[in-house]
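Enquirer: Structure in structure tokens, see below.
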Amino acid sequence: MSRIATIGLFLWGTLAPGYASASPIEDAQNAELERARAEIGDQVQLSVYDLIDELVYGWMQEPVFDSPTPVVLAGVTVPVGLGTGMQALVENHIGAVLAANPQTQIQLVHCPTCTATVVHSGPEGTVVSRGFDNPEVLDALGGSSGQHALFVDVEAEGTWLVLRARMTRLTPELPIVWSHTLASSIGTPALLREPGDLKSAEDARKEYLAALHRRGPILVPLRFAVRSYDRPDAFQGIGVAPPPFVWLQSGVEVGMSDARAWTASFLVGYSFVPQAYQGIMAQARVQRLLTGRSRSLTRPDLYVFAGGAVMSVWGAATASFQDTPLTTDLIITTLDGDPPRTAFGGLHIGLDLRVGHRVGFSAFLENLPSLGDNQNLGTYLQFVVPFQSLGTEVTLWF
Amino acid sequence: MPATLLVSFAFLPFLTADPAPSLLRSKARSRRLECEHISALTGSEQYPGQIIAPRPRGEFVDRTALVCTERILRPGLRNARDEAVLRDLDAQARELAVAATSTREDLADHTWVVETFYPGAQVAWKIAFAAKNALMAQGASVSDRVPMLAAGDIAVLTRMSPAEAYPAACKRYHELGSLGEGDALLAVVSRHPRETTLHAGLCVAGGWTWLR
């Protein structure tokens, strides 16, 4: 231990002046490295918590001690490169889970002298060590000799996160009385167990699967959509744009698998505004998940979608969908006759943000091929084809 | 319009989840992946919801899955040598523990002590931790004690070649009583700055043996 301390001091003495005089480029590189490390730390934190929960659950099932025993949390180390911020989080989580589960028979105690650096001079020489490495000195200092020390180490090994724990009795022989190693693939979803209701990884996995399968492959969406139509440009058309159309839609949405990376929906809708218009529609759409390979139980999912719709609308306010430019004279002359009736199709593309596949918000642009020459409509965006309609939707899934 | 569609379809193969470099995946990102080829059944158990289990009565197509996972720490975030050692630490520690306990079965009643000789203190601590846990998993009795040498011994040993220093250190451990008759020291050694394999030596009753 003294050798390690000496090497550490030598390295610090050698490197510290160089670090102090780092160039702005090095500073920027260091800042970028720290940012990347913090990002990875955020990503692995839940997995580390899972491993700790699994460790404590193991103690609940097979306690190391028969009766409540004071244990010093002597050392927590995190993956090399992830910094001490994560170390504090891990320490806090261990404390919280152990405090919530007294049946582990482990009572965490505070022992400042155990983790402090102690210097002991005797006939055999001078020894510099930490308190828990030298129980005789610890005893002389009135520390916690005879207690147990818990060491926890988490390391990133390739794609695996490995947690190692060992418990050492603080007697002169320092025997390791218990040790365990747990590993988790970083691709495994976090189990998110409650600290006060720990369960085995197997049971937690069953719950996760139940949550995943609970919705089944078929969902029933209830969608409120608004389609607005662009006004004609001054030089392009002379007509009047249709009013925004509100649609209430429902139908089925089918996922290819529980991952719901690809889904397809088939909806019918009805639109009605008294004195203005009515309409019916049918719509088909294919969605592709953009955020990850499977839908998330915890964070929002973003989909891109494309589809088509066929709408039939009638009523006084639907005259704008007809090819004739809408003028005041035309409106007055059609007041007494049959209201205009039009059927047209549309192709749309858009983005859909969903939370837990329960609530979603989407926006899309729609191309109306049969109304391409309609002088009552303008174009929101011209990209390969003109997009004359802009839609927003709020959806509830059942 | 047809030309636009044709160009769009031409890009489709690059938009798939293939781990090879593509339009959406750089070469550097592809190199960070570790891929495993598994059966659809195993895949459905390991990744429920993402890989569909094969039907009980079989399928027309024999499906398999290529599961690729990104390494937790991307290259460059830590020292390359540390990364190389830590990447396989669990496997290496297990191999060393098996080698130590199986080479000398007469040491079953001994107490094992682990010492690591690696330039970085943080990684050395982790190697020792892994080796101790691996020895415990083999059913050995392990102590957290750190065998110590006098300052004069260290001054002499650091001037010797590694081939001579480790046996000499072992002898001194025994002579100073740092390692008793019932103790066995497993020394995990990194012998060369450019080497990523960990070596191991065994020190029992003042006698040194290279295990690997």
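Residue numbers (numbering that gives the first Met the number 0), protein chains in the order written: chain A, 0 to 397; chain B, 0 to 211.
Glycine included, C-beta positions come from ideal geometry on N, C-alpha and C.
Quick one, which of A:Leu346, A:Gly371, A:Thr391 and A:Val384 has its alpha-carbon nearest A:Ser361's?
Expert: The residue with the shortest Cα to Cα distance from A:Ser361 is A:Thr391.
Enquirer: So A:Ser270 and A:Phe244 are supposed to be a Cβ contact under 8 Å. How far apart are they, rounded?
Expert: Right, the Cβ-Cβ distance comes to about 6 Å (below 8 Å), so this counts as a contact.
Enquirer: Just to make sure I have the definition right: I need the residues of chain B whose C-beta is within less than 7 Å of the C-beta of A:Asp41. Which are they?
Expert: By Cβ distance, chain B contributes nothing, its closest Cβ being about 12 Å from A:Asp41, past 7 Å.
Enquirer: Quick one: list the residues of chain A neighbouring B:Leu85, beta-carbon separation under 9 Å, in chain order.
Expert: Simply Pro78, Val79, Glu154, Ala155, Glu156 and Gly157.
Enquirer: Taking the alpha-carbon of A:Pro339 as reference, which of A:Trp313, A:Arg357, A:Gly349 and A:Val354 has the nearest alpha-carbon?
Expert: For the residues A:Trp313, A:Arg357, A:Gly349 and A:Val354, the minimum Cα distance to A:Pro339 belongs to A:Trp313.
Enquirer: Under a Cβ-count criterion, where at least 16 other Cβ atoms within 10 Å of its own Cβ denotes burial, should A:Pro385 be classed as buried or exposed?
Expert: Buried is the call here.
Enquirer: How many Å lie between A:Leu247 and A:Val383 at the Cα?
Expert: Distance between the alpha carbons of A:Leu247 and A:Val383: 30 Å.
Enquirer: Tell me the DSSP secondary structure of B:Leu156 in three-state form.
Expert: Helix at B:Leu156.
Enquirer: Which value, in whole angstroms, describes the spacing of the CA atoms of B:Ala130 and A:Pro216?
Expert: Rounded to whole angstroms, B:Ala130 to A:Pro216 spans 48 Å at the Cα level.
Enquirer: Whose C-alpha, out of A:Gly349, A:Asn100 and A:Glu25, is nearest the C-alpha of A:Leu289?
Expert: Comparing Cα positions, the closest option is A:Gly349.
Enquirer: Could you pull out every residue in the same chain whose Cβ sits closer than 8 Å to the Cβ of B:Met159, ignoring the five residues on either side in sequence?
Expert: These residues qualify, in order along the chain: Ala167.
Enquirer: On the DSSP letters alone, give me the boundaries of the alpha helix (DSSP H) that B:Cys169 sits inside.
Expert: That run of the alpha helix (DSSP H) goes Pro161 to Glu174.
Enquirer: Report the partner residues of A:His179 according to the DSSP bridge assignment.
Expert: According to DSSP, A:His179 bridges with A:Ala164.
Enquirer: Taking the straight line between their C-alpha atoms, what separation do you get for B:Asp35 and B:Ser43?
Expert: Here residue 35 of chain B turns out to be Glu, not Asp, going by the sequence shown. Each residue's alpha carbon lies about 14 Å from the other.
Enquirer: With distances taken from CA atoms, which of B:Cys67, B:Val145 and B:Ile50 is nearest B:Leu184?
Expert: When only C-alpha atoms are compared, the closest one is B:Val145.
Enquirer: I'd like to check one pair, A:Leu380 with A:Gly345: are the Cβ atoms closer than 8 Å?
Expert: No; because the gap between Cβ atoms is not below 8 Å, this pair is not in contact.
Enquirer: Compute the Euclidean distance between the alpha carbons of A:Ser184 and B:Asp61, then round it to the nearest angstrom.
Expert: Their Cα atoms are separated by approximately 26 Å.
Enquirer: In three-state DSSP terms, what is A:Asp132?
Expert: Reduced to three states, the DSSP call for A:Asp132 is helix.
Enquirer: Hey, how far is the Cα of A:Ile175 from the Cα of B:Arg77?
Expert: Roughly 30 Å between the two C-alpha positions.
Enquirer: Sorted by chain position, which residues of the same chain lie with C-beta nearer than 8 Å to B:Glu45's C-beta, five sequence neighbours on each side aside?
Expert: This sequence places Gln at residue 45 of chain B; Glu is not what is there. Closer than 8 Å at the Cβ level, and outside the excluded window around B:Gln45, lie Ile37 and Val66.
Enquirer: Is B:Ala147 helix, strand or coil by DSSP?
Expert: First, the amino acid is wrong: residue 147 of chain B is Met here, not Ala. Three-state result, B:Met147: coil.
Enquirer: Quick check: what's the CA-CA separation for B:Leu156 versus B:Arg211?
Expert: Their backbone Cα atoms lie some 21 Å apart in a straight line.
Enquirer: Quick one: measure Cβ to Cβ for A:Val219 and A:Val251, integer angstroms, because I've assumed they're closer than 8 Å.
Expert: Right, their Cβ atoms sit about 6 Å apart.
Enquirer: What are the residues that DSSP puts in a beta bridge with A:Arg121?
Expert: Checking the sequence shown, residue 121 of chain A turns out to be Gly, not Arg. DSSP, once it has assigned bridges, lists A:Gly124 as partnering A:Gly121.
Enquirer: Just how far apart, CA to CA, sit B:Pro161 and B:Val188?
Expert: Those two C-alpha atoms are separated by around 10 Å.
Enquirer: Can you give me, in chain order, the residues of the stretch 26 to 51 of chain B that have a beta carbon less than 7 Å from any beta carbon in chain A?
Expert: Hits within the stretch, in order: Glu33, Pro47, Gly48, Gln49 and Ile51.
Enquirer: Three or more C-beta pairs closer than 8 Å, one from the stretch 82 to 98 of chain A and one from the stretch 76 to 94 of chain B: is that the case here?
Expert: Cβ pair count under 8 Å is below three, so no.
Enquirer: Determine the contact status of A:Glu156 and B:Leu85, defining contact as a CB-CB distance below 8 Å.
Expert: Cβ atoms of A:Glu156 and B:Leu85: closer than 8 Å.
Enquirer: Can you give the Cα-Cα distance for B:Arg31 and B:Gly75, rounded to whole angstroms?
Expert: If I take the Cα positions, the gap works out to 11 Å.
Enquirer: On the three-state DSSP scale, how would you describe B:Ser29?
Expert: The answer is helix: DSSP assigns B:Ser29 an H, G or I state.
Enquirer: What first and last residue would you give for the beta strand (DSSP E) that runs through A:Ala73?
Expert: From DSSP, the beta strand (DSSP E) with A:Ala73 extends over Thr68 to Thr76.
Enquirer: Based on the DSSP secondary-structure assignment, which residues constitute the bridge partners of A:Asp152?
Expert: Note: A:Asp152 sits in a beta bridge opposite A:Thr76 and A:Arg163.
Enquirer: How would you call A:Gln274, buried or exposed, if buried means at least 16 neighbouring beta carbons within 10 angstroms?
Expert: Under this definition A:Gln274 is an exposed residue.
Enquirer: A:Leu162 and A:Leu50 - do their beta-carbons sit closer together than 8 Å?
Expert: Yes, the pair counts as a contact, with Cβ atoms nearer than the cut-off.
Enquirer: Using a Cβ-Cβ cut-off of 8 Å, state whether A:Val126 counts as contacting chain B.
Expert: With 8 Å as the cut-off, A:Val126 counts as an interface residue toward chain B.
Enquirer: How big is the Cα-Cα spacing for B:Arg73 and B:Ala199?
Expert: Whole-angstrom Cα-Cα distance: 29 Å.
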